[in-house]
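> Protein chains in written order, with the numbering used here: chain S, 145 to 460; chain P, 163 to 599.
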Amino acid sequence: MKHLLSIGDLSAIEATTILDTATELARASDGQIKKLPTLRGRTIVNLFAEDSTRTRISFEAAAKRLSADVINFSAKGSSINKGESLKDTAMTLQAMGADAVVIRHGASGAAQRLADNQWMSGSVINAGDGTHEHPSQALLDAFTLRKHLGNGASDLQGIHVAIVGDILHSRVARSNVLLLSLLGAKVTLVAPPTLLPIGVESWPCAFSYDLDSVLPLVDAVMMLRVQQERMMELFFPNAREYSRYYGLNAERMRLLKQRSIVMHPGPMNRGLEISAEVADSARSVITEQVSNGVSVRMAILYVLLAGSPLEVGSSK
Amino acid sequence: MNSVKYLIKGAILPNGEQKDIAIEDGLITAMSEISATNSLSEQILIDAKGSRVLPGLVDLHTHLRQPGREDAESVLSGSRAGAKGGFTALSAMANTSPVADSAGVVEQVFRLGQEAGYLDVFPIGAVTEGLLGQSLSEIGAMADSMARVRIFSDDGNCVFDPLLMRRALEYVKKFGGVIAQHAQDPRLTIGSQMNEGEISARLGLKGWPSVAEEAIIARDVLLADHVKSRLHICHVTTAGGVEIIRWAKARGIDVTAEVTPHHLLLTDDLAGTYDPVFKVNPPLRTSTDVHALREALAEGVLDIVATDHAPHPTESKECEWQEAAFGMLGLETALSVVQKTMVDSGLMDWQQVAERMSHAPARIGGYQNHGQEIAVGSPANLVLVDPSRNWQVDRDLTMSKSTNTPYHGHTLPGVVTHTFFKGHATVIDSVVQKIGE
């Protein structure tokens, strides 16, 4: 594995390898050793052509815990904003000797464009491309699900997950549908019909327009952020109506099974897709997703740049 | 140059007969049974045994980019690309800078075509001023100009306002003109990147739904019927669009329609590479659509093949998909793609190729010296193609100034060996000749 561009490129074994490596790395970080020497002398560039503080600092923390040198290259005030092409940016990073580029970009396929062309030779890690995919988010979500609901199994067999909200524009949903189904989970998408893509029937999942009928069936519910500008684009009448049918509030949360958990990739719109009571409830694993994010991103960097996951055990 | 005489020996006519064809002073001067006799001393002999001879190809949809974007293409470079592909007439789309919405601009383009000398360049006039869709351009002045414009199109944009479309259709009746509609409902295609369907859902690229094309086709055939005028639908891409046109023709509505070579061959799954060389408007569709288009072309529901040749400079394609320009090259590969998809598949014979790529487009455009039967006295606008030979497309060897061909590296059947324009060989042994020097 050289790049991580799409979950669609992964086999179940490769995905499980990343998750297992993350488990090992989390165990190592929980102990005395906060920092591993694995990527000492390697340079990782965070190329963020779109604002995303959380994902950037998560990758930055992951790289630093593996002792890599990190360069942050973000949209604001950088040449990207001055009209520099992706090609020229990539060639600049190549000239600086980047071993890996973590790219967040507003255009679907931007990560693949970097990897497919001969503009640079390092690994490319997709940290979110347009409305296409966000593979590291899906991996951290799978990691979190496995930890809470996996009963020690390495896959997600028998687990049912609902993903709720703006599926049409969600890269998190696309990556999660592919990964969770790859690992054996059942996925049900829940959204108003306007926010499900034409062609969703071909995805390896079910879908529903009715949140209340799905909630009692699932082991985890993943709420997606709803962007305010979607209202301007006529996807739903207004925020209140959206919230009434698709928001997860305390009352609706009671429909969930005893052990079911609530997830959100952040940042949340409290009061819109998720109420404060739910976000702060005992079922919520939202902050844990964030800390798992660092372990999983360490694992991604580890597997792509350092090779075999087995070295983790021996380096302890 | 004027006095060069040619004898084409043994080429097979569209109707299957094999003849020797003599060319002199811009005309076909003799056609005879093939004989062993050699050419007269002053004739240049062309051994065309095994080749097909077709009337020079006529394209109703070409972007030549001049004036304004001579970095992508010029009338001269586009003419050379056309000659290489077997064309003797091109129709220059109006979306230049400045827009071809006045007599001055269309005359300039027409004159540049004459100066280049490789083929006839017939300018298409804009329907609306500046292609803005708000008011009619000076259609009458363009029609009466030296360029004698008969086709009007806002191609690149749809004439969306139904009242404006109605008026345009009515107005061109005065001189037998035609409105060539780029059928795309702009409200249904805001920010659209590719065909809307399973592939766009997976790739996270904004969809361009079939209905956005079909709704406009349906509206416009009804408008054309109401005002009894002539409508041409540019680049039909959907099975549904074909159905509407079939219905309209059965009803006697005066509508013609074109299909591009790339929509006969390529499908939307190619977007999975995110390589913008496959980004085109209207977008590549599904294999169901491709097969419906092929059948409709064979049947004649779609009247012609038109290239929608759309050159773009490298930087407009060497970028993210959503930043990239729409469009692909087409002139140099059109005949080969038609042979591959229509002839080699058994759907059409060469007589039909001549009809769809020469006779019919010339008729629709009113291009009098083009698309005539290959007969004594006809203008010597001819193309020789060897259908038995294959060639590999190489974007670095295009006659076009641009390299955005979607077929780079593909092997295609059918080699254009010679093109004759008004009796002059613009292409000999697949090499584009120097003209006017």
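Beta carbons are placed, not taken as given, at the ideal position from N, Cα and C, and that holds for glycine. In this text the structure is predicted, and so the values were computed from the model without any measurement.
So with CB distances below 9 angstroms, who are the chain P contacts of leucine 478 of chain S?
The structure shown does not extend to residue 478 of chain S, since chain S spans only 145 to 460, so no value can be given for it.
> Should alanine 274 of chain S be labelled buried (16 or more other beta-carbon atoms within 10 Å of its own) or exposed?
The amino acid occupying residue 274 of chain S in the given sequence is glycine; alanine does not appear at that position. Looking at its Cβ environment, which holds 16 or more other Cβ atoms inside 10 Å, glycine 274 of chain S is buried.
> From lysine 596 of chain P to threonine 588 of chain P, what does the alpha carbon distance come to, in whole angstroms?
Each residue's Cα considered, the two are about 8 angstroms apart.
> Can you tell me the Cβ-Cβ gap for valine 344 of chain S and leucine 333 of chain S, rounded? I've got them flagged as a contact below 8 angstroms.
Contact flag correct, Cβ pair sits at about 7 angstroms.
> Consult DSSP for valine 214 of chain S and reduce its assignment to one of helix, strand or coil.
Valine 214 of chain S: strand per DSSP, three-state reduction.
> Could you tell me whether the stretch 426-443 of chain S touches the stretch 158-169 of chain S, where touching means 3 or more Cβ pairs closer than 8 angstroms?
Contact holds: three or more Cβ-Cβ distances are below 8 angstroms.
> Step through the CB atoms of chain S and report whether any lies within less than 8 angstroms of the CB of serine 362 of chain P.
With 8 angstroms as the cut-off, serine 362 of chain P counts as an interface residue toward chain S.
> Closer than 7 angstroms by beta-carbon distance: list the chain S residues that pair up with glutamate 477 of chain P, in chain order.
In chain order: Ser229.
> Put phenylalanine 583 of chain P into one of helix, strand or coil per three-state DSSP.
Note: phenylalanine 583 of chain P maps to strand in three-state DSSP.
> Can you list the residues of chain S that glutamate 358 of chain P reaches, using a CB-CB cut of under 8 angstroms?
Result: Ile342 and Gly343.
> Give the interface partners of histidine 276 of chain S over in chain P, defined as CB-CB distance under 7 angstroms, in chain order.
Simply Leu365 and Gly366.
> Quick check on glycine 585 of chain P - is its C-beta less than 8 angstroms from some C-beta in chain S?
So no, glycine 585 of chain P is outside the interface.
> Per DSSP, lysine 330 of chain S forms a beta bridge with which residues?
Paired residues: S/His304.
> Let me make sure I understand the geometry here. Which of P/Ser236, P/Ala265 and P/Val452 has the alpha-carbon closest to that of glycine 302 of chain P?
The candidate whose alpha carbon is nearest that of glycine 302 of chain P is P/Ala265.
> If we define contact as Cβ-Cβ less than 8 angstroms, is isoleucine 597 of chain P a contact residue for chain S?
No - not a single Cβ of chain S is within 8 angstroms of the one on isoleucine 597 of chain P.
> Where does lysine 390 of chain P sit, in a helix, a strand or coil, going by DSSP?
The answer is coil: DSSP assigns lysine 390 of chain P none of H, G, I, E or B.
> Give me the DSSP bridge partner(s) of asparagine 461 of chain S.
Given that chain S is displayed from residue 145 to residue 460, the structure contains no residue 461 of chain S and the question cannot be resolved.
> Beta-carbon of glycine 369 of chain P versus every beta-carbon of chain S: anything under 8 angstroms?
Yes, contact with chain S.
> In whole angstroms, what is the alpha-carbon distance linking isoleucine 526 of chain P and glutamate 482 of chain P?
Approximately 38 angstroms between the Cα atoms of the pair.
> If we cut at 8 angstroms on Cβ distances, does tyrosine 436 of chain P have a partner in chain S?
Cβ-Cβ to chain S under 8 angstroms: yes for tyrosine 436 of chain P.
> Run through the DSSP bridge pairs and tell me what methionine 356 of chain P is partnered with.
Answer is P/Gly369.
> In the DSSP assignment, what residue or residues form a beta bridge with alanine 254 of chain P?
Looking at the DSSP assignment, alanine 254 of chain P forms a beta bridge with P/Thr224 and P/Pro285.
> Alpha carbon to alpha carbon, what distance is there between serine 592 of chain P and glutamate 494 of chain P?
Rounded to whole angstroms, glutamate 494 of chain P to serine 592 of chain P spans 11 angstroms at the Cα level.
> For a test of the three-state rule: what should DSSP assign to valine 321 of chain P, helix, strand or coil?
The answer is coil: DSSP assigns valine 321 of chain P none of H, G, I, E or B.
> Is serine 202 of chain S helix, strand or coil by DSSP?
If DSSP states are grouped into helix, strand and coil, serine 202 of chain S belongs with the helices.
> Between serine 346 of chain S and serine 173 of chain S, which are expected to be in contact by the criterion C-beta below 8 angstroms, what is the C-beta distance as a whole number of angstroms?
Contact flag wrong, Cβ pair sits at about 40 angstroms.
> Are there three or more Cβ pairs, one per stretch, closer than 8 angstroms when the stretch 238-254 of chain P is compared with the stretch 553-566 of chain P?
Flag = yes, the stretch 238-254 of chain P and the stretch 553-566 of chain P touch.
> Note down, in chain order, each residue of its chain lying with its Cβ closer than 7 angstroms to the Cβ of alanine 410 of chain P, except the 5 sequence neighbours on either side.
Cβ within range, chain order: Val383 and Val417.
> Would you say the stretch 394-403 of chain S touches the stretch 357-366 of chain S, given that touching needs at least three Cβ pairs under 8 angstroms?
Yes, the stretch 394-403 of chain S is in contact with the stretch 357-366 of chain S.
> Name the chain P residues that come within less than 9 angstroms of serine 252 of chain S, Cβ to Cβ?
Result: Gln355, Leu365, Gly366, Leu367, Lys368, Tyr436, Glu482, Trp483 and Gln484.
> Can you give me the C-alpha to C-alpha distance between arginine 364 of chain P and leucine 326 of chain S, rounded to a whole angstrom?
Looking at the two C-alpha atoms, the distance is approximately 15 angstroms.
> Does the Cβ-Cβ distance between methionine 366 of chain S and isoleucine 307 of chain S come in under 8 angstroms?
Result yes, Cβ atoms of methionine 366 of chain S and isoleucine 307 of chain S sit closer than 8 angstroms.
> Output the distance between the C-alpha atoms of aspartate 263 of chain P and threonine 191 of chain P, rounded to the nearest integer angstrom.
Using only the alpha carbons, I get a separation of about 40 angstroms.
> Ordered along the chain, which non-local residues of its own chain (more than five positions away) have a Cβ less than 6 angstroms from that of aspartate 153 of chain S?
So no residue of the chain qualifies.
> Provide the residue span of the alpha helix (DSSP H) that contains tryptophan 409 of chain P, from first to last.
Residues 401-412.
> Along the beta strand (DSSP E) that carries valine 358 of chain S, what are the first and last residues, could you check?
No beta strand (DSSP E) holds valine 358 of chain S; the alpha helix (DSSP H) holding it covers 355-358.
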